[in-house]
Amino acid sequence: MSWWIANIIWIILFVVGTAVVWIREVDGAGVTQTLELKLFAFIVLLIAFIFPLIIQVIWLIINLKTSKHVL
Numbered sequence: 000m001s002w003w004i005a006n007i008i009w010i011i012l013f014v015v016g017t018a019v020v021w022i023r024e025v026d027g028a029g030v031t032q033t034l035e036l037k038l039f040a041f042i043v044l045l046i047a048f049i050f051p052l053i054i055q056v057i058w059l060i061i062n063l064k065t066s067k068h069v070l
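Its first residue numbered 0, the sequence shown is counted upward by one per residue in numbering that gives the first Met the number 0.
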């Protein structure tokens, strides 16, 4: 159950972060956002979310293997 809750939280954070990147016209430094800068910011956000994704997949595999040993 906690695996699903953690995944839902990560998905919500990713969607909100992506929306912020695509909607903003000017970033925190005052630079006007072009398509290239938005794509770069999105790639940085994507890389930041790959690490929790890897942890979630490992967690799922461990949970599936331990549940099979219990049965």
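Yeah, the Cβ is synthetic: ideal placement off N, Cα and C, and Gly gets one too.
- F41 is positioned such that its CB atom lies closer than 8 Å to that of T17.
- When the five nearest sequence neighbours on each side are left out, the beta carbons in the same chain lying within less than 7 Å of the beta carbon of D26 are those of Q32, in order along the chain.
- By the neighbour-count criterion, in which 16 or more other beta carbons inside 10 Å mark a residue as buried, V20 falls on the buried side.
- The C-beta distance from F50 to F13 rounds to 12 Å, too long to meet the 8 Å contact threshold.
- Annotation for G16: the continuous alpha helix (DSSP H) segment containing it runs 1-22.
- In terms of Cα proximity to W3, the closest of L59, E35, L36 is L59.
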